[in-house]
Amino acid sequence: MSVASKANETVRHVARGVLMGAADVVPGVSGGTVALLLGIYTRLIDTVRAGAGVLGSLLRGKWSETGDRLRSFDWWFAAPLVAGIVVAVAALASVIDELLVDEPEAMAGLFFGLVAASVVMAWNLVDKPSAGLAVTALAVGGLFFWLLGLQSAPVADQTEIALFGSGIVAVCAMLLPGISGSFILLMMGVYPAAIAAVDDWVWGDLAALAAGAALGLALFSNVIGSVLNRWPDPTLAVMVGLLLGSLRVLWPWPAGVGVISRHAEEAIDGTGLGWAPAADLWLPALLAVAAASLVLVLAAMAAGQGGSARSKRDP
3 MSVASKANET VRHVARGVLM GAADVVPGVS GGTVALLLGI YTRLIDTVRA GAGVLGSLLR
63 GKWSETGDRL RSFDWWFAAP LVAGIVVAVA ALASVIDELL VDEPEAMAGL FFGLVAASVV
123 MAWNLVDKPS AGLAVTALAV GGLFFWLLGL QSAPVADQTE IALFGSGIVA VCAMLLPGIS
183 GSFILLMMGV YPAAIAAVDD WVWGDLAALA AGAALGLALF SNVIGSVLNR WPDPTLAVMV
243 GLLLGSLRVL WPWPAGVGVI SRHAEEAIDG TGLGWAPAAD LWLPALLAVA AASLVLVLAA
303 MAAGQGGSAR SKRDP
């Protein structure tokens, strides 16, 4: 590959990372969804697995093996992708946070449209659609929809062991399309403790969360990578179901994209379902239609330039 080609590919990976990071900032939206739609999901999982292999060799003291793994690691993909994610989180976190507070229903409508179109796009990635796969997607979607309706009050006095376990579970949501790790923390009642650990630099709690996240990435990336390689279409059908179920979190009414509380005495809400007065209906609905249309039009343009979305699993 020429220098110019590598430079262009690097810019594309940075842009993909920005989109993934922007998605991860939003409660209820997963960076895994963006990776799936951009056609880099399998490569992302393989890269995470390779990174886990490097860490495993290092921890076992196998220095020669660690060096070999580092040299074969896909740095041209991982480094710009991570850079884009970091840039997006740093630049957009406060902006999106303010919009979620000031315009929760409108923002929910926008993200609802994006994820609804993502369901169509993800289904198009299935090589051999069938009634059985459709039933699987609907069943998983229904179960996930129900699970997201469960609420949990924040738990006071979180232990490091509890935070470690929460990190394992939450990081899995980063890899799976459908829902973000922040909302998993909310459902588990750990979100206030995690936010406090970041805001107050509680090093013990941060270390527990980070260790859990690292272990979750190492274990889960291997599992999902193996399953995706062996049963690609059923795995994609399950992912479509997760996307369907996650629409509950993004339903604009009555509270927009969830009510995210940092106060230990407040229970989590935001997965209730309601309907808006006619005067408040048009803006979220308009944004949902516009967002979904944009995704589908861009997908159609990409298909016209280089084949169907199915061919984009790993560009």
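Residues 3 to 317 (the working numbering) are what the sequence shown spells out, left to right.
Idealized CB from N, CA, C, for every residue including glycine.
This structure is a prediction, so every number in the text was calculated from the model and none was measured.
Mind listing, in chain order, the continuous alpha helix (DSSP H) runs of no fewer than 4 residues lying wholly within the region 80–156? 106–126 and 133–149
Measuring alpha carbon to alpha carbon, tell me which of SER7, TRP253 and LEU21 ends up nearest TRP78. Taking the sequence shown and counting its residues from 1, one reaches residue 78 at position 76. When only C-alpha atoms are compared, the closest one is SER7.
Which residue comes first and which comes last in the alpha helix (DSSP H) that contains ARG45? Counting from 1 along the sequence shown, the entry for residue 45 is found at position 43. From DSSP, the alpha helix (DSSP H) with ARG45 extends over 43–61.
When the Cα atoms are used, what is the spatial distance from ASP104 to VAL97? Within the sequence shown, residue 104 is the residue found at index 102, counting from 1. Within the sequence shown, residue 97 is the residue found at index 95, counting from 1. Each residue's Cα considered, the two are about 11 Å apart.
Counting only the same chain and skipping the five closest in sequence on each side, list residues whose C-beta sits under 7 Å from that of LYS1. Coverage of the chain is limited to positions 3 through 317, which leaves residue 1 absent and any answer about it impossible.
Counting Cβ pairs closer than 8 Å, one from the region 238–258 and one from the region 208–216, do we hit at least three? no
On the criterion of 16 or more Cβ atoms from any shown chain inside 10 Å, does THR35 qualify as buried, or is it exposed? Numbered from 1 along the sequence shown, position 33 holds the residue referred to as residue 35. Classification for THR35: buried.
Separation of THR161 from ASN126, as counted between CA atoms: Mapped onto the sequence shown, residue 126 falls at position 124. Mapped onto the sequence shown, residue 161 falls at position 159. When rounded, the distance between both Cα atoms is 43 Å.
For SER120, is the classification buried or exposed, using 16 other Cβ atoms within 10 angstroms of its Cβ as the cut-off for buried? For the purposes of this step, residue 120 is identified with residue 118 of the sequence shown, where counting begins at 1. So SER120 ends up on the buried side.
So, is PRO279 buried or exposed, given that buried needs 16 or more other C-beta atoms within 10 angstroms? Within the sequence shown, residue 279 is the residue found at index 277, counting from 1. Flag for PRO279 reads exposed.
Just verifying my parser: in three-state terms, what is the DSSP assignment at ARG264? The count along the sequence shown starts at 1 and reaches residue 264 at position 262. Only weak support is given to the placement of ARG264: the predicted model assigns it a pLDDT of 44, under 50, and the question is left unresolved by the model.
One question on the structure: do GLY111 and LEU289 come within less than 7 Å of each other, judged by their Cβ atoms? Here residue 111 refers to the residue found at position 109 of the sequence shown. Here residue 289 refers to the residue found at position 287 of the sequence shown. Contact: yes.
How is PRO234 classed by DSSP in three states: helix, strand or coil? Locating residue 234 in the sequence shown gives position 232, counting from the first residue. Helix.
For the alpha helix (DSSP H) holding ALA37, just list the boundary residues, first then last. Within the sequence shown, the letter at position 35 stands for residue 37. If you look at ALA37, you'll find it in the alpha helix (DSSP H) that goes 33–39.
Tell me whether ALA278 sits in a helix, a strand or coil according to DSSP, three-state version. Here residue 278 refers to the residue found at position 276 when the sequence shown is read from its first residue. Here ALA278 sits in coil by DSSP.
If you check the beta carbons only, do GLY23 and ALA90 fall under 7 Å apart? Indexing the sequence shown from 1 puts residue 23 at position 21. Indexing the sequence shown from 1 puts residue 90 at position 88. Their beta carbons are under 7 Å apart, which means GLY23 touches ALA90 by this criterion.
Exposed unless 16 or more other CB atoms sit within 10 angstroms - verdict on LEU83: What you label residue 83 is simply residue 81 of the sequence shown in a count that begins at 1. By the neighbour-count rule (16 or more Cβ atoms within 10 Å), LEU83 is buried.
What does the Cβ neighbour count give for ASP26, buried or exposed, with the cut at 16 atoms within 10 Å? The count along the sequence shown starts at 1 and reaches residue 26 at position 24. Classification of ASP26: buried, given that the 10 Å Cβ count is 16 or more.
Taking the alpha helix (DSSP H) that ASP70 belongs to, which residues open and close that run? Within the sequence shown, numbered from 1, the residue matching residue 70 stands at position 68. For ASP70, the enclosing alpha helix (DSSP H) covers residues 65–74.
Select from LEU39, GLU11 and ARG14 the residue whose C-alpha is nearest the C-alpha of LEU298. Taking the first residue of the sequence shown as 1, we reach residue 298 at position 296. Selected option, being the one with the closest Cα: LEU39.
Near GLU67, what residues of its chain come up, given a Cβ to Cβ distance below 6 Å and the 5 sequence neighbours on each side ignored? By one-based count along the sequence shown, residue 67 stands at place 65. Counting only residues of its own chain and dropping the five nearest sequence neighbours on each side, GLU67 has a CB closer than 6 Å to the CB of SER59.
Straight-line gap, VAL173 to LEU283 (C-alpha atoms, nearest Å): The residue you call residue 173 lines up with position 171 of the sequence shown. The residue you call residue 283 lines up with position 281 of the sequence shown. If you take the alpha carbons of VAL173 and LEU283, they lie about 35 Å apart.
Beta-carbon of VAL36 versus every beta-carbon of chain C: anything under 7 Å? The structure shown contains no chain C, having only a single protein chain.
Rounded separation between ASP48 and ALA281 - CA only: As a first step, residue 48 is located in the sequence shown; it is residue number 46 there, counting from the start. As a first step, residue 281 is located in the sequence shown; it is residue number 279 there, counting from the start. Roughly 48 Å separates the two Cα atoms.
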